[in-house]
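Counting from 1 along the sequence shown, just add 16 to a position and that's the residue number in this note's numbering.
Quick reminder that beta carbons are idealized off the backbone N, C-alpha and C, glycines included.
The structure under discussion appears below in the form of structure tokens.
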Amino acid sequence: MISKKPLTVGIVGTGWVAGAHIDAFRSIPDCTIVAVSSRSLDKAKAKIATHSIAGARAYDRYEDLLNHDGLDIVSICTPHPSHPAETIAAAKAGKHIVIEKPVSLDRANLEQMMAAVADAKVLTSVCFELRWIGLFKNIKAMMAQGLLGDLFYGETSYFHGLGPWYAQWAWNIKKEMGGSAMLTAGCHAIDALVWLVGSRVAEVSAMASTSKHNPLKFEYDPNTVALLQFESGVMGKVAASLECRQPYLFPVLLQGEKGTIWNDHVSTLEWPGMRGWATIPTALPDSGDVNDHPYRGQFEYFLECIRSGTPPHNDLANASHVHEIMFAIEEAVLTKRTVAVRRTPRS
17 MISKKPLTVG IVGTGWVAGA HIDAFRSIPD CTIVAVSSRS LDKAKAKIAT HSIAGARAYD
77 RYEDLLNHDG LDIVSICTPH PSHPAETIAA AKAGKHIVIE KPVSLDRANL EQMMAAVADA
137 KVLTSVCFEL RWIGLFKNIK AMMAQGLLGD LFYGETSYFH GLGPWYAQWA WNIKKEMGGS
197 AMLTAGCHAI DALVWLVGSR VAEVSAMAST SKHNPLKFEY DPNTVALLQF ESGVMGKVAA
257 SLECRQPYLF PVLLQGEKGT IWNDHVSTLE WPGMRGWATI PTALPDSGDV NDHPYRGQFE
317 YFLECIRSGT PPHNDLANAS HVHEIMFAIE EAVLTKRTVA VRRTPRS
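Next up, the structure:
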């Protein structure tokens with residue numbers, strides 16, 4: 017019988033994403049936030065007060081949060097470069113870990129994270145939370161029912177213009193912080209396609225660009241497009257643009273021998289007499305605001321996995337493949353060649 021004992025959570029970081037994590041965890045029964053850490057004790061206390069987290073302790077040292085008595089889960093919501101060291105420390109402390117994306121900006125740190133988590137035998141949940149959006153759950157269900165037949169093509173994109181109007185723009189445009197268009201944001205589109213196709217990617221080719229005048233001051237190419245060859249034989253395309261001037265857009269297209277899914281529209285030979293697209297009323301990935309993202313579904317699932325001892329489908333081992341795809345895309349952009357996707361050791 018699976019234990020339903022309350023699980024305790026410590027939040028690392030006090031920014032925008034941390035607030036979304038706090039709200040999601042607070043909405044889940046049998047789950048309590050007991051600590052918040054920041055380099056600034058005042059910020060940690062303010063986050064606790066703003067979100068009315070009764071009884072939570074504020075820390076200005078991450079090590080002290082890890083030593084909080086009875087802590088089960090650490091939720092890492094800090095800037096990207098901090099994720100590897102914080103994940104490794106949490107694993108060594110025996111804590112289960114929620115890790116915001118990207119988990120690492122480079123392969124060396126990713127490998128160290130994988131080793132630490134594997135050695136500690138703790139569970140992890142990487143924040144590819146769009147797996148829990150209504151559209152993706154419905155797509156998975158329709159594919160399981162055979163409405164598309166065998167897939168042969170898939171396409172996802174992440175189009176989200178980042179500028180001074182966006183809270184994270186000032187640091188996200190820096191190479192050492194954002195990494196690349198795919199690492200900082202387009203990873204959601206890559207994970208979505210890999211998740212929906214249900215196959216690993218064998219190799220990629222890619223190109224990237226910056227607009228002529230670079231008005232938003234990106235230190236890396238904010239526009240990337242990649243072609244993916246899946247091991248299953250499916251062809252794929254993923255694009256990301258962070259300097260587009262338009263509302264947030266996350267289009268999804270899947271084509272199979274029996275039908276096609278285009279966002280919330282479906283056409284299939286399995287439904288005789290169709291005339292045009294059928295529309296599925298469902299939640300779409302149509303907002304870049306993390307407060308609109310389905311973290312609750314991700315975290316509820318993670319708590320169930322912890323209680324049952326089952327590795328989540330979005331754990332670090334699984335997410336390492338998405339990151340290896342992104343590292344291969346970076347290499348393909350630089351070399352202008354097709355690049356094989358590596359497998360992270362111990363994944």
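Worksheet item: Is M17 helix, strand or coil by DSSP?
Response: At M17, the pLDDT of 45 sits below 50, so the modelled position is not reliable; the number obtained from the coordinates is stated separately. DSSP, read as helix, strand or coil, puts M17 in coil.
Item to complete: Would you identify the three-state DSSP class for H281, choosing helix, strand or coil?
Response: Strand.
Practice prompt. Tell me where the alpha helix (DSSP H) around K253 begins and ends.
Written response: Boundaries around K253 are those of the beta strand (DSSP E), M251 to S257, since no alpha helix (DSSP H) includes it.
Discussion item. Am I right that G150 and C260 are in contact with their C-beta atoms under 8 Å? What's the rounded C-beta distance?
Written reply: That belief does not hold up - the Cβ atoms of G150 and C260 are roughly 25 Å apart, past 8 Å.
Fill in: Exposure of A51, with buried meaning 16 or more beta-carbon neighbours within 10 Å
A51 is buried by the Cβ-count criterion.
Worksheet entry | Nearest-angstrom beta carbon gap, H84 and R77 [assumed within contact, 8 Å] | Rounded to the nearest angstrom, the Cβ distance from R77 to H84 is 11 Å, too far for a contact under 8 Å.
Worksheet entry | Which of helix, strand or coil DSSP assigns to H329 | In the three-state reduction of the DSSP assignment, H329 falls in the coil class, being assigned neither a helical nor a strand state.
Discussion item. Judging by CA-CA distance, which residue of M129, G272 and K21 is the nearest neighbour of D331?
Written reply: The shortest C-alpha separation from D331 is found at M129.
Fill in: Rounded separation between S215 and I341 - CA only
C-alpha separation (whole angstroms): 13 Å.
Worksheet entry | Whole beta strand (DSSP E) elements within the stretch 206-244, 3-residue minimum | Within the stretch 206-244, the beta strand (DSSP E) runs of at least 3 residues that lie entirely inside it are, in chain order, 217-225.
Fill in: Nearest candidate by alpha-carbon position, reference L244, set R353, G275, N279 and K63
Of all alpha-carbon atoms in R353, G275, N279 and K63, the one lying nearest the alpha-carbon of L244 is that of R353.
Worksheet item: Are the beta-carbon atoms of V28 and I49 separated by less than 8 Å?
Response: Result no, Cβ atoms of V28 and I49 do not sit closer than 8 Å.
Practice prompt. Give the straight-line distance between the Cα atoms of K156 and D58, rounded to the nearest whole angstrom.
Written response: Going from the Cα of K156 to the Cα of D58 covers about 44 Å.
Worksheet item: Who are the near neighbours of A136 in its chain, counting only those whose CB is closer than 7 Å to its CB and skipping five residues on each side?
Response: Once the five neighbours on either side are set aside, the close Cβ partners of A136 are A107, K108 and G110.
Fill in: Cα-Cα separation between K191 and E346, rounded to whole angstroms
Separation of K191 and E346 (C-alpha to C-alpha, rounded to the nearest whole angstrom) is 13 Å.
Discussion item. Rounded to the nearest angstrom, what separates G289 and L212 at their Cα positions?
Written reply: Between G289 and L212, the C-alpha separation is close to 27 Å.
Worksheet item: In this structure, what does DSSP give as the bridge partners for S173?
Response: Its beta-bridge partners are A255.
Fill in: Residue from S43, L270, W148 and A344 whose Cα sits closest to the Cα of Y169
From the listed residues S43, L270, W148 and A344, the smallest Cα separation to Y169 is found for L270.
Item to complete: Would you mind giving the Cβ-Cβ distance between L199 and L258, rounded to the nearest angstrom? I have them listed as a contact below 8 Å.
Response: Not really, about 11 Å apart at Cβ, beyond 8 Å.
Worksheet entry | Delimiting residues of the alpha helix (DSSP H) encompassing H96 | Here H96 belongs to no alpha helix (DSSP H), and DSSP marks it neither H nor E.
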